[in-house]
Amino acid sequence: MKLRAAGTGERRCESMSGIPLEPYYTAEDAAGMPVLPAPGEFPYTRGIHETMYRGKLWTMRQFSGFATPEETNERYRYLLSQGQTGLSVAFDLPTLMGVDGDHPAAAGEVGKCGVAISSLADMETLFRGIPLGDVTVSMTINSPAPVLFAMYLAVAGQQGADRAKLSGTLQNDILKEYIAQKEFLYPPRPSMRLVTDVIEFCAREVPKFNPISISGYHIREAGSTAVQELAFTLRDGIEYVDWALERGLKVDEFAPRLSFFFNAHNDFFEEIAKYRAARRMWAYIMRDRYGARDERSWKMRFHTQTAGCSLTWQQPYNNVIRTTIQALAGVLGGTQSLHTNSLDEAYALPSEHAVTLALRTQQVIAYESGIPEVADPLGGSYYLEFLTNEVERQANEYIRRIDGMGGMIPAVEQSFPQREIAEASFRYQRQVEKGEAVIVGVNRFQSEEDERIELLQIDDSAARRQQERLAALRRERNSARAESCLGRLRKAAEGKENTMPHILDAVKAYVTVGEICQAFRDVFGAWTETSVL
Amino acid sequence: MTSPIRVLVAKPGLDGHDRGAKVIARALRDAGMEVIYTGLRQTPEMIVNAALQEDVRVIGLSILSGAHNAIVPRLMELLREKDMTGLVVVVGGIIPDEDARQLKEKYGVAEVFQPGASLEEIVNFIRSATQQPA
Numbered sequence: 013m014k015l016r017a018a019g020t021g022e023r024r025c026e027s028m029s030g031i032p033l034e035p036y037y038t039a040e041d042a043a044g045m046p047v048l049p050a051p052g053e054f055p056y057t058r059g060i061h062e063t064m065y066r067g068k069l070w071t072m073r074q075f076s077g078f079a080t081p082e083e084t085n086e087r088y089r090y091l092l093s094q095g096q097t098g099l100s101v102a103f104d105l106p107t108l109m110g111v112d113g114d115h116p117a118a119a120g121e122v123g124k125c126g127v128a129i130s131s132l133a134d135m136e137t138l139f140r141g142i143p144l145g146d147v148t149v150s151m152t153i154n155s156p157a158p159v160l161f162a163m164y165l166a167v168a169g170q171q172g173a174d175r176a177k178l179s180g181t182l183q184n185d186i187l188k189e190y191i192a193q194k195e196f197l198y199p200p201r202p203s204m205r206l207v208t209d210v211i212e213f214c215a216r217e218v219p220k221f222n223p224i225s226i227s228g229y230h231i232r233e234a235g236s237t238a239v240q241e242l243a244f245t246l247r248d249g250i251e252y253v254d255w256a257l258e259r260g261l262k263v264d265e266f267a268p269r270l271s272f273f274f275n276a277h278n279d280f281f282e283e284i285a286k287y288r289a290a291r292r293m294w295a296y297i298m299r300d301r302y303g304a305r306d307e308r309s310w311k312m313r314f315h316t317q318t319a320g321c322s323l324t325w326q327q328p329y330n331n332v333i334r335t336t337i338q339a340l341a342g343v344l345g346g347t348q349s350l351h352t353n354s355l356d357e358a359y360a361l362p363s364e365h366a367v368t369l370a371l372r373t374q375q376v377i378a379y380e381s382g383i384p385e386v387a388d389p390l391g392g393s394y395y396l397e398f399l400t401n402e403v404e405r406q407a408n409e410y411i412r413r414i415d416g417m418g419g420m421i422p423a424v425e426q427s428f429p430q431r432e433i434a435e436a437s438f439r440y441q442r443q444v445e446k447g448e449a450v451i452v453g454v455n456r457f458q459s460e461e462d463e464r465i466e467l468l469q470i471d472d473s474a475a476r477r478q479q480e481r482l483a484a485l486r487r488e489r490n491s492a493r494a495e496s497c498l499g500r501l502r503k504a505a506e507g508k509e510n511t512m513p514h515i516l517d518a519v520k521a522y523v524t525v526g527e528i529c530q531a532f533r534d535v536f537g538a539w540t541e542t543s544v545l
Numbered sequence: 018m019t020s021p022i023r024v025l026v027a028k029p030g031l032d033g034h035d036r037g038a039k040v041i042a043r044a045l046r047d048a049g050m051e052v053i054y055t056g057l058r059q060t061p062e063m064i065v066n067a068a069l070q071e072d073v074r075v076i077g078l079s080i081l082s083g084a085h086n087a088i089v090p091r092l093m094e095l096l097r098e099k100d101m102t103g104l105v106v107v108v109g110g111i112i113p114d115e116d117a118r119q120l121k122e123k124y125g126v127a128e129v130f131q132p133g134a135s136l137e138e139i140v141n142f143i144r145s146a147t148q149q150p151a
């Protein structure tokens, strides 16, 4: 590549992932440009649909949940009344960690980071008056994912919905928990078995439901670069495919229902490049590495959320602007659904006012900006095509390294991705400290006095109500039936059969999340990580 | 030469978001302190025992889940029971102003660092707080 005028020294001249940037780009830098296939054509760099958002806008899906199922149910109905087009359930930490609201480890955590769901009774309340046959539901849950999914199926069954028509997404991505978010319960291999149980069950019985959302979001939030987010996520995807094939499924039986989830961070063009590279890489992986024949297996569908870690406590209204730019990157990158963060989320779960403004941000982009009218409007930009190629090249390099380690599980056991992320996050923090990376309102352009904003408060009454409800449930349910379901579940876990039917039986007998996860822990053991600094 | 300041960086509660705790641990180490990181999901009891065994001057807690009002008072109570009130306890994370004031005034936390606090600020605070006689 020819040398151009050097940067002025003062200006940052690399992308957030550390890709050195020229002052401008030419056709020479964007190798392969003249033959870039159209949107809707393999390898889908420019999008998975020919007409993209003209055919169907992205789904506006705000992640939400807090306090008790009653309060969250009310918020869901409000969001649907405001034009939101899908639901996305945020569970509290006890639920995410497979403990019930009345367990000592749950002290102070019930309903704080999401909604508290301990049993089918809670799930019934959560979706009261919401027709699950019509509204798509996404559930952010990982280690206990099969349990919460079973509860959702049970409620849908009570409503009379046809299982074959249910649509939504279960996060169910355990690998990124070991890598980044650390909400794991069991060792990697039995956890992978449970993930595969859900993939297999869905392929056979709930064919329109995405059994997994392979997530880079949390990897990025833990401090990775865009390249690492892309590479680790796709390598996780490869691992899930390997396990499902090992189970005896055919690739085209389940691959069309694999979905992905990426972050939208600050570096506008690098983020768009990341989404385009992701689609292209996955298309080649599915076609060439796995020999998938069904076009739907080649097409990567993904959800995007703006970067929570980019939100600032100082000058919180600036967060609206950050989120808008990040959301634009997601849309210009061809996302299938989008969550825009609320301005108050550096402090707390969002207030109704803040979450409405975040939804309006998407609506302004969708209906006023004209951006959705044309697919991949930035395709052909010398710079963007160069970045797409470079991000892809570097991510493939990581994938080859992890292949060389024997896959993602050995890599995780050796703390490889964990260490790479810790390095990147420390490097970024240093750049912030030195002022090389600017955060408006934090290390430049600070104000004396911060604007005050109104916050959503969750008091301890939610925990109390949850505990009372659990006590009543344990008293009133048929305990003999609950016990025998748990016994059969334990036996299934010890053997090789798919655990999903047994989990379904157990939740219908009002066995709790904590009880089911404890049964699995008894069989599989618990996982503790080696911390790397 | 005085011996280096020993700091226990701890991550209590169910939350697994350890980015902040890890960055702080490395920054304190780079500043010449001896840092012990507990890893995830430590109870107040485990943290106090680790502090005792490791003979640290400072405990730094990272809490992002909103559970600080349950965890921190319990930890401070255990320190009092074990006669370890000379330790400097700092808390970092998503702690609203009102809670931060209460943790300091009512429970004796030395300082609360909210999002956006710089590493330098934290290092300097720990240095000056450990210079005063316990």
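Chains as they are written, first to last, in my numbering: chain A, 13 to 545; chain B, 18 to 151. Glycine is no exception: its CB is placed at the ideal position from the N, C-alpha and C atoms.
C-alpha distance - residue i paired with residue j, whole-angstrom precision
i: B:Arg36; j: A:Gly419; result: 24 Å
i: B:Gly49; j: A:Met28; result: 29 Å
i: A:Arg269; j: A:Lys311; result: 10 Å
i: A:Phe281; j: A:His365; result: 30 Å
i: A:Pro389; j: A:Leu344; result: 7 Å
i: B:Thr147; j: B:Gly77; result: 13 Å
i: B:Arg74; j: B:Glu128; result: 14 Å
i: A:Ala128; j: A:Leu105; result: 8 Å
i: A:Lys520; j: A:Ser393; result: 55 Å
i: A:Arg299; j: A:Arg305; result: 7 Å
i: A:Lys14; j: A:Glu251; result: With a pLDDT of 42 at A:Lys14, under the threshold of 50, the predicted position of this residue should be treated as unreliable, and no value is reported.
i: A:Tyr296; j: A:Ser309; result: 10 Å
i: A:Ile211; j: B:Met93; result: 46 Å
i: A:Ser100; j: A:Arg73; result: 6 Å
i: A:Arg372; j: A:Gln348; result: 18 Å
i: B:Phe130; j: A:Cys214; result: 45 Å
DSSP three-state assignment for residue i, whether helix, strand or coil
i: B:Leu57; result: coil
i: A:Ser496; result: helix
i: A:Ser437; result: helix
i: B:Ala151; result: Residue confidence is low: B:Ala151 scores 44 on pLDDT, short of 50, so the model does not pin down where it sits. No coordinate-derived value is stated.
i: B:Val40; result: helix
i: A:Gly19; result: No answer about A:Gly19 holds up, because its pLDDT of 47 lies below 50 and its placement is not dependable.
i: B:Met101; result: coil
i: A:Gly416; result: helix
i: A:Pro32; result: strand
i: A:Arg158; result: According to the sequence as given, residue 158 of chain A is Pro; it is not Arg. A:Pro158: helix per DSSP, three-state reduction.
i: A:Ser150; result: strand
i: A:Lys14; result: Interpretation of A:Lys14 is limited by its pLDDT of 42, a score under 50 that renders its predicted location unreliable; the figure taken from the coordinates is listed afterwards. Three-state DSSP puts A:Lys14 in coil, outside helix and strand.
Beta-carbon spacing of residue i, residue j below 7 Å
i: A:Gln524; j: A:Ser271; result: The amino acid at residue 524 of chain A is misidentified as Gln; the sequence shows Thr. Not a contact, by the Cβ cut-off of 7 Å.
i: A:Pro81; j: A:Asp146; result: no
i: A:Glu62; j: A:Gly52; result: yes
i: A:Gly342; j: A:Ala276; result: yes
i: B:Leu95; j: B:Val65; result: yes
i: A:Ile226; j: A:Asn184; result: no
For residue j and residue i, believed in contact at Cβ under 8 Å, the rounded distance
i: A:Arg232; j: A:Glu241; result: 4 Å
i: A:Leu206; j: A:Pro158; result: 6 Å
i: A:Phe75; j: A:Thr152; result: 7 Å
i: A:Ala285; j: A:Thr400; result: 4 Å
i: A:Gly110; j: A:Cys497; result: Actually they are not in contact, since the Cβ atoms of A:Gly110 and A:Cys497 sit about 17 Å apart, beyond 8 Å.
i: A:Thr324; j: A:Val444; result: The Cβ separation is near 11 Å, so there is no contact.
i: B:Ser79; j: B:Lys121; result: About 17 Å separates the two Cβ atoms, so there is no contact after all.
i: A:Ala549; j: A:Leu468; result: Residue coverage of chain A in this structure runs from 13 to 545, which leaves residue 549 of chain A outside it and unanswerable.
Any chain B beta carbon closer than 7 Å to residue i
i: A:Ser437; result: yes
i: A:Leu545; result: yes
i: A:Lys14; result: At A:Lys14, the pLDDT of 42 sits below 50, so the modelled position is not reliable; the number obtained from the coordinates is stated separately. So, not an interface residue.
i: A:Ala18; result: A caution first: A:Ala18 carries a pLDDT of 47, below 50, which makes its placement in the model unreliable, though a value can still be read off. Judged by the 7 Å Cβ criterion, A:Ala18 is not in contact with chain B.
i: A:Cys25; result: no
is_contact[residue i, chain A] using C-beta, thresh 7 Å
i: B:Tyr54; result: yes
i: B:Ala87; result: yes
i: B:Ala146; result: no
i: B:Pro61; result: no
i: B:Ala67; result: no
i: B:Ile136; result: Residue identity check: residue 136 of chain B is Leu in the sequence provided, not Ile. Closer than 7 Å: yes.
i: B:Val75; result: no
i: B:Arg23; result: no
i: B:Leu31; result: yes
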